[in-house]
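S.K.: Quick one: the structure is below, questions incoming.
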Amino acid sequence: MATEIAASPPPPEAGNAPSARADAREPLPLRIWRHHALVKVRKAVVVVFVVANVTFFLGRAMPGDPIDVMAGRLTQGGMTIEEARAIAASSLAYDPDAPLYQQWWDFLVGLATLDMGMTINRPGQSVMEAIGAYLPWTLFSIGVGTVIAISLGLALGMVMAYRRNRFLDHVFSVLASVLGAVPNYLIAMVLVVGGGMYLEWFNPIDLRGTISPGVAPGPTAEFVGDALYHAALPILTYVLAIIGTWMLIMKASTTEVLSEDYVTVAYARGLHDRRIALSYVGRNAVLPLVAQIAISFGTLVGGAIFVEQVLVYKGVGGLLLDAVNYRDYPLLQGLLVIITSCVVIANLAADLLYSRLDPRIRN
Amino acid sequence: MTATTTAPAAGVWGAIWQGVTRSTSGFVGLCLVLSVLAFSFVGPFLVDSHNPTDVTSIWGPISAEHWLGTNHEGKDTFVQLVLGGREPIWVGFVAALITVAIAVVLGGVAGYVRGRVDHFLLQVTDITMTIPFIVLMLVIASFYRTASPLTVSLIIGLVTWPYLMRSIRAQVLTLKEREFVEAARIQDLGTARILFVEVLPNMAGYVFINFIIAVTNAIYAVVGMYLLGLLPSTADNWGLMIQQAWDNNAFLLPRAAPFLIAPMVMIMLFQIGLVTMTRSLEQALNPRLRDR
Chain A
10 MATEIAASPP
20 PPEAGNAPSA
30 RADAREPLPL
40 RIWRHHALVK
50 VRKAVVVVFV
60 VANVTFFLGR
70 AMPGDPIDVM
80 AGRLTQGGMT
90 IEEARAIAAS
100 SLAYDPDAPL
110 YQQWWDFLVG
120 LATLDMGMTI
130 NRPGQSVMEA
140 IGAYLPWTLF
150 SIGVGTVIAI
160 SLGLALGMVM
170 AYRRNRFLDH
180 VFSVLASVLG
190 AVPNYLIAMV
200 LVVGGGMYLE
210 WFNPIDLRGT
220 ISPGVAPGPT
230 AEFVGDALYH
240 AALPILTYVL
250 AIIGTWMLIM
260 KASTTEVLSE
270 DYVTVAYARG
280 LHDRRIALSY
290 VGRNAVLPLV
300 AQIAISFGTL
310 VGGAIFVEQV
320 LVYKGVGGLL
330 LDAVNYRDYP
340 LLQGLLVIIT
350 SCVVIANLAA
360 DLLYSRLDPR
370 IRN
Chain B
2 MTATTTAPAA
12 GVWGAIWQGV
22 TRSTSGFVGL
32 CLVLSVLAFS
42 FVGPFLVDSH
52 NPTDVTSIWG
62 PISAEHWLGT
72 NHEGKDTFVQ
82 LVLGGREPIW
92 VGFVAALITV
102 AIAVVLGGVA
112 GYVRGRVDHF
122 LLQVTDITMT
132 IPFIVLMLVI
142 ASFYRTASPL
152 TVSLIIGLVT
162 WPYLMRSIRA
172 QVLTLKEREF
182 VEAARIQDLG
192 TARILFVEVL
202 PNMAGYVFIN
212 FIIAVTNAIY
222 AVVGMYLLGL
232 LPSTADNWGL
242 MIQQAWDNNA
252 FLLPRAAPFL
262 IAPMVMIMLF
272 QIGLVTMTRS
282 LEQALNPRLR
292 DR
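For the protein sequence lines, the chains are A and B, in the order given.
Residues in the first sequence are numbered from 10 upward in steps of one, following our numbering.
Residues in the second sequence are numbered from 2 upward in steps of one, following our numbering.
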C-alpha cells in the first residue's frame, strides 16, 4: 500500500518523503512500538487500566464502607456481626484490612488473572462465573441485532440516496427519523403490546427469558432454535431502534460519494450501473461509517439494560441491576471492567479494520 | 411568520426559526413539541390536581368521569398524565444545559488553546466515551439514592458531555483558522474574549441543535431510570406511570391499557417532535446537507 502512494509523486507527498526515510533508519523494536496497530492496542490497554482503577477507587468513595453494607445485609439472615464481616471480607478479591496500596495491588493481580473475587448476593458464585453466565446472551442478542440493522440500514440508505427527493425517499426518511427518535425500551413495549396482545402474533410471556426450561445448552438445532426464539424480541427491538440512524447516515454518505468525479468518470466509461453502485459508490460510502459502528456498540450495551428489563431477557442488564440494588460491590466492579473491555475490544477491532480499509488514516 | 421567513434571518434566533419552519416535517415537529409543552406546563393549571386513590374503581375503563380510565390505585389516569410531564421535561432541559455548558467550555478551550490541556481532555473523553454512559449513570444514581430531579439532571449532564465536547472542539479547530479570529488576535483581545465573543457565537446554531439532541438523550435516560425503579417515586411522572403499568402487567388487561399507552405516546410524540425539528434545522444551517 505504502509503495503505491510513494510511487505517485504529487507535491504534497514530496514533503513527507524525508521523514519516511528517517523512519526506515529507526531500529526495528522502535518501529514495531510505533506501528499504528500497536499504538491502538496500547491505547486500549491504558483505557481498561484506567477504568479498572476508577472502579476500584469508586468503591471507596461511595457512601458507607462496602464491608459494612455487605455485612449489614448478611446479619439480616441471623448472623452475628463478626461472622458477617468475616464472610463479607473474604468475598473480596483483596484484604480490606491491608494498607491501601496492598489492596490496590491485589485487585490488579486479580484483574490480570481474571479472578475478581466472589459475589456477595449469589452464594458460591464467583464474579467471573456470574458474568460468564449472563454476558454472552447480551452480546449475542446485540450482535445479531446490530449486524441485521446495519446491513439493512446501509442497503436502504443507498436506495434512498439513489432515489433522493422522490416518494420512497420521503417515506423512508420520515420512518427513519421516527424510529431513531423513539427510545428503544418504548419500541420493545410497543412490540409486546401491539404484536403480542392486540395482534396476538406471539405470546410475550412465553418469550421471556433466554432459554426454555429443559433445553440443554449444546451445539444442537433445538438449543440454537430455542435461543433464537427467546432472543427474537430483543433482536427485533435493537434492529428497529438503530436501523433509522444507519439509513440516514448512509443516505448522507452515499449522496456525497455520488457527486464525486470518479463516479461520473465511471459512468462515462460506460460501466454497468450495478458495478458502479457496489464497487465505486457503496464501498466508498461505507468507509467513513466503520468507525461509527464501534462507537454505537457502547451505546447499545447501555441501552440493552433497559430493553432486557422490559422484555425480561436474562442478560447482563438484569445482573447489573441486581448488583446495583444489592450493593454487590465485587460484582459491580467486575461488570464495569468487563463491559468496558467489551466496548474497548469492539472499538479496537473497528479501528484496526478501518486503518486496513483506509490506509490514509494510519497517521 | 411570513416576515421572518422572507426577510434575511435576524440573528441566531431568526435563523433557528427559519430553519425549523422551512420544511413541513420541521414545522410539524415544532407543533408537536409546543403542544406537548403546553399540555404539560399549562395543563396543570386547568385540572384539579387532587387525585385521590379510590379502591372502588381500580383499573376503571374510559368514561366521561375518567377520560383515560383509572390506574391500579383507582387514580385518574388523565390527571396523572397532565401532571406527569413537567418533571421529565424539566430534568431533560436542565441536564442538556449542563451537558452543553461543560462541552462548550471544555471543547472551546481544548480546541483553541491546544497543547497539554487539549491532550489531557482528549484522553479523558477517550476513556469516558468507552464506558457506556447508561451503565455509569446507573451506578452513580444508585449509590446516591437521594436523587431529586436536580440531582438526576446533574448526573445525566455530568456523564454525557464527552461526545459533544469532541465535535465542538473540532468546530473550534476549523473556526480559529479564519480571518476574523486572526484579526482579533492581532488586536490582542485576549484568549477568553476571542473564544467566547468571537468564535463561539459563530457556532450558536450548531450548539442549539446539540442542545435539543441532549434534551432527547436526557429524557431517554431519566425515563429509563424510572423504568428500572432506580429513582424515588415522589411526584406524578410519565416514567413512573410506565414503570407502574409495566410492573403491574397493565398490557394484559385491555381496560388498563390507557395507563400504559398514554404516557408512552406523550414521550414518543415529544421525542419525535424534537428530532424532526433538529433535522430540519440541521439542513438549514448546513447548506451541504440541503439536498440530502
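Cβ coordinates follow ideal geometry from the N, Cα and C atoms, glycine included.
#1: Given a limit of 7 Å on CB to CB distance, which residues of the segment 259–279 of chain A reach chain B?
#2: Applying the 10 Å Cβ sphere with the 16-neighbour rule, what's the burial state of Gln172 of chain B?
#3: Going residue by residue through the segment 106–134 of chain A, where are the continuous alpha helix (DSSP H) segments of at least 4 residues, counting only ones entirely within it?
#4: Is Cys351 of chain A near the ligand FAD, judged by its Cβ being under 7 Å from some heavy atom?
#5: Taking only beta-carbon atoms, is Pro163 of chain B less than 8 Å away from chain A?
#6: Verify the CB distance criterion: does Ile268 of chain B have a CB-CB separation below 8 Å to chain A?
#7: Would DSSP call Thr71 of chain B helix, strand or coil?
#8: Chain B partners of Met198 of chain A, CB-CB under 8 Å?
#9: Report the partner residues of Asp77 of chain B according to the DSSP bridge assignment.
#10: Please compile the residues from chain B whose C-beta is within a distance smaller than 9 Å of the C-beta of Leu345 of chain A.
#11: From the DSSP output, in three-state form, read off Leu361 of chain A for me.
#12: Within 10 angstroms of its Cβ, does Arg43 of chain A collect 16 or more other Cβ (buried), or is it exposed?
#13: Are any of the Cβ atoms in chain A nearer than 8 Å to that of Gln272 of chain B?
#14: Say whether chain B places a C-beta atom closer than 8 Å to the C-beta of Phe65 of chain A.
#15: Measuring CA to CA, which of B:Thr175, B:Ile220, B:Pro163 and B:Leu228 is closest to Phe271 of chain B?
#16: Which residues of the segment 293–305 of chain A have a Cβ closer than 9 Å to any Cβ of chain B? Give them in chain order.
#17: Would you call the segment 244–260 of chain B in contact with the segment 171–190 of chain A, where contact means no fewer than 3 C-beta pairs closer than 8 Å?
#18: Taking all protein chains shown into account, decide if Tyr276 of chain A is buried (16 or more other Cβ within 10 angstroms of its Cβ) or exposed.
#19: Check whether the Cβ of Pro18 of chain A lies closer than 8 Å to any Cβ atom in chain B.
#20: If you draw a straight line from the alpha carbon of Ala139 of chain A to that of Asp178 of chain A, how long is it in whole angstroms?
#21: Is it the case that the Cβ atoms of Leu176 of chain B and Met204 of chain B are separated by a distance below 8 Å?
#22: Counting along the chain, where does the alpha helix (DSSP H) carrying Val290 of chain A start and finish?
#23: How would you call Gly205 of chain A, buried or exposed, if buried means at least 16 neighbouring beta carbons within 10 angstroms?
#24: Can you list, in chain order, the residues of the segment 17–48 of chain B whose Cβ is nearer than 8 Å to any Cβ on chain E?
#25: Taking the straight line between their C-alpha atoms, what separation do you get for Ala164 of chain A and Asp189 of chain B?
#26: Taking 8 Å as the CB-CB cut-off, is Ala95 of chain A touching chain B?
#27: Could you check what DSSP says for Lys177 of chain B in three-state terms: helix, strand or coil?
#28: Taking the beta carbon of His239 of chain A as the centre, do at least 16 other beta carbons fall within 10 Å, making it buried, or is it exposed?
#29: Take Asn334 of chain A as the anchor and find which of B:Leu229, B:Arg256 and B:Thr279 has the nearest alpha-carbon.
#30: Could you check the C-alpha separation between Glu35 of chain A and Val353 of chain A for me, to the nearest Å?
#31: Terminal residues of the continuous alpha helix (DSSP H) containing His179 of chain A?
#32: Let me check understanding here. Comparing Cα to Cα, which of B:Val223, B:Gly274, B:Trp239 and B:Leu275 lies closest to Ser41 of chain B?
#33: What residues in the segment 109–122 of chain B bring their beta carbon closer than 9 Å to a beta carbon of chain A?
#34: For Ala236 of chain B, name the three-state secondary structure that DSSP assigns.
#35: Measure the CB-CB distance between Ala230 of chain A and Thr263 of chain A and report whether it falls below 8 Å.
#36: Under 8 Å between the Cβ atoms of Thr147 of chain A and Asn193 of chain A?
M.R.: Reading it off the structure:
#1: Listed by position along the chain: Lys260, Ala261 and Thr264.
#2: Counted from its first residue, the second sequence places residue 172 of chain B at position 171. Residue environment for Gln172 of chain B: buried (at least 16 other C-beta atoms within 10 angstroms of its C-beta).
#3: 109–121
#4: For the structure depicted, the ligand FAD is absent and the ligand set is empty, with no information on it obtainable.
#5: Counting from 1 along the second sequence, the entry for residue 163 of chain B is found at position 162. Not an interface residue.
#6: By one-based count along the second sequence, residue 268 of chain B stands at place 267. Answer yes: the Cβ-Cβ gap between Ile268 of chain B and chain A drops below 8 Å somewhere.
#7: As a first step, residue 71 of chain B is located in the second sequence; it is residue number 70 there, counting from the start. In the displayed model, Thr71 of chain B falls within a strand according to three-state DSSP.
#8: Locating residue 198 of chain A in the first sequence gives position 189, where the first residue counts as 1. Ordered by position in chain B, the residues that pass the 8 Å Cβ test against Met198 of chain A are Ile243, Trp247, Phe252, Leu261 and Met265.
#9: Mapped onto the second sequence, residue 77 of chain B falls at position 76. Looking at the DSSP assignment, Asp77 of chain B forms a beta bridge with B:Thr71.
#10: For this step, residue 345 of chain A is matched to residue 336 along the first sequence. By Cβ distance, chain B contributes Ile132, Val136, Leu137 and Val140.
#11: Your numbering for residue 361 of chain A matches position 352 in the first sequence. Helix at Leu361 of chain A.
#12: Residue numbering aside, residue 43 of chain A sits at position 34 when the first sequence is read from its first letter. So Arg43 of chain A counts as exposed.
#13: In the second sequence, the residue the question calls residue 272 of chain B occupies position 271. So, interface residue.
#14: By one-based count along the first sequence, residue 65 of chain A stands at place 56. Phe65 of chain A does not count as touching chain B.
#15: For the purposes of this step, residue 271 of chain B is identified with residue 270 of the second sequence, where counting begins at 1. Residue B:Ile220 is the option with its Cα nearest to Phe271 of chain B.
#16: Ile304
#17: no
#18: Taking the first sequence and counting its residues from 1, the one referred to as residue 276 of chain A is at position 267. Under this definition Tyr276 of chain A is an exposed residue.
#19: In the first sequence, counting from the first residue as 1, residue 18 of chain A sits at position 9. Note that Pro18 of chain A scores 40 on pLDDT, short of 50, meaning its location in the model is unreliable; the coordinates nonetheless yield the value given after this. No, its Cβ sits nowhere closer than 8 Å to a Cβ of chain B.
#20: For the purposes of this step, residue 139 of chain A is taken as the residue at position 130 of the first sequence. For the purposes of this step, residue 178 of chain A is taken as the residue at position 169 of the first sequence. For Ala139 of chain A and Asp178 of chain A, the distance between alpha carbons rounds to 47 Å.
#21: Translated into positions along the second sequence, residue 176 of chain B becomes position 175. Translated into positions along the second sequence, residue 204 of chain B becomes position 203. Yes, Cβ-Cβ distance for Leu176 of chain B and Met204 of chain B is below 8 Å.
#22: The count along the first sequence starts at 1 and reaches residue 290 of chain A at position 281. Looking at the DSSP string, Val290 of chain A is not in any alpha helix (DSSP H), and its letter there is neither H nor E.
#23: One-based indexing of the first sequence puts residue 205 of chain A at position 196. It is buried - the Cβ of Gly205 of chain A has at least 16 other Cβ atoms within 10 Å.
#24: Absent from the structure is chain E; the protein chains it does hold are A and B.
#25: Position 155 of the first sequence, counting from 1, holds the residue named residue 164 of chain A. Position 188 of the second sequence, counting from 1, holds the residue named residue 189 of chain B. In this structure, the alpha-carbon of Ala164 of chain A lies about 52 Å from that of Asp189 of chain B.
#26: For the purposes of this step, residue 95 of chain A is identified with residue 86 of the first sequence, where counting begins at 1. No, because no Cβ of chain B sits closer than 8 Å to the Cβ of Ala95 of chain A.
#27: Within the second sequence, numbered from 1, the residue matching residue 177 of chain B stands at position 176. Lys177 of chain B: coil per DSSP, three-state reduction.
#28: Here residue 239 of chain A refers to the residue found at position 230 of the first sequence. His239 of chain A should be labelled buried.
#29: Position 325 of the first sequence, counting from 1, holds the residue named residue 334 of chain A. Ranking B:Leu229, B:Arg256 and B:Thr279 by Cα distance to Asn334 of chain A puts B:Leu229 first.
#30: Numbered from its first residue, the first sequence carries residue 35 of chain A at position 26. Numbered from its first residue, the first sequence carries residue 353 of chain A at position 344. Cα to Cα, the separation comes out at about 30 Å.
#31: Translated into positions along the first sequence, residue 179 of chain A becomes position 170. Start and end: Phe176 to Ala190.
#32: Within the second sequence, the letter at position 40 stands for residue 41 of chain B. Comparing Cα-Cα distances from Ser41 of chain B to each of B:Val223, B:Gly274, B:Trp239 and B:Leu275, the minimum goes to B:Trp239.
#33: none
#34: To locate residue 236 of chain B, count along the second sequence from 1; it is residue 235. Of the three classes helix, strand and coil, the one that applies to Ala236 of chain B here is coil, per DSSP.
#35: For the purposes of this step, residue 230 of chain A is taken as the residue at position 221 of the first sequence. For the purposes of this step, residue 263 of chain A is taken as the residue at position 254 of the first sequence. Going by C-beta atoms, Ala230 of chain A is not nearer than 8 Å to Thr263 of chain A.
#36: Your numbering for residue 147 of chain A matches position 138 in the first sequence. Your numbering for residue 193 of chain A matches position 184 in the first sequence. One thing to note: Thr147 of chain A has its Cβ no nearer than 8 Å to the Cβ of Asn193 of chain A.
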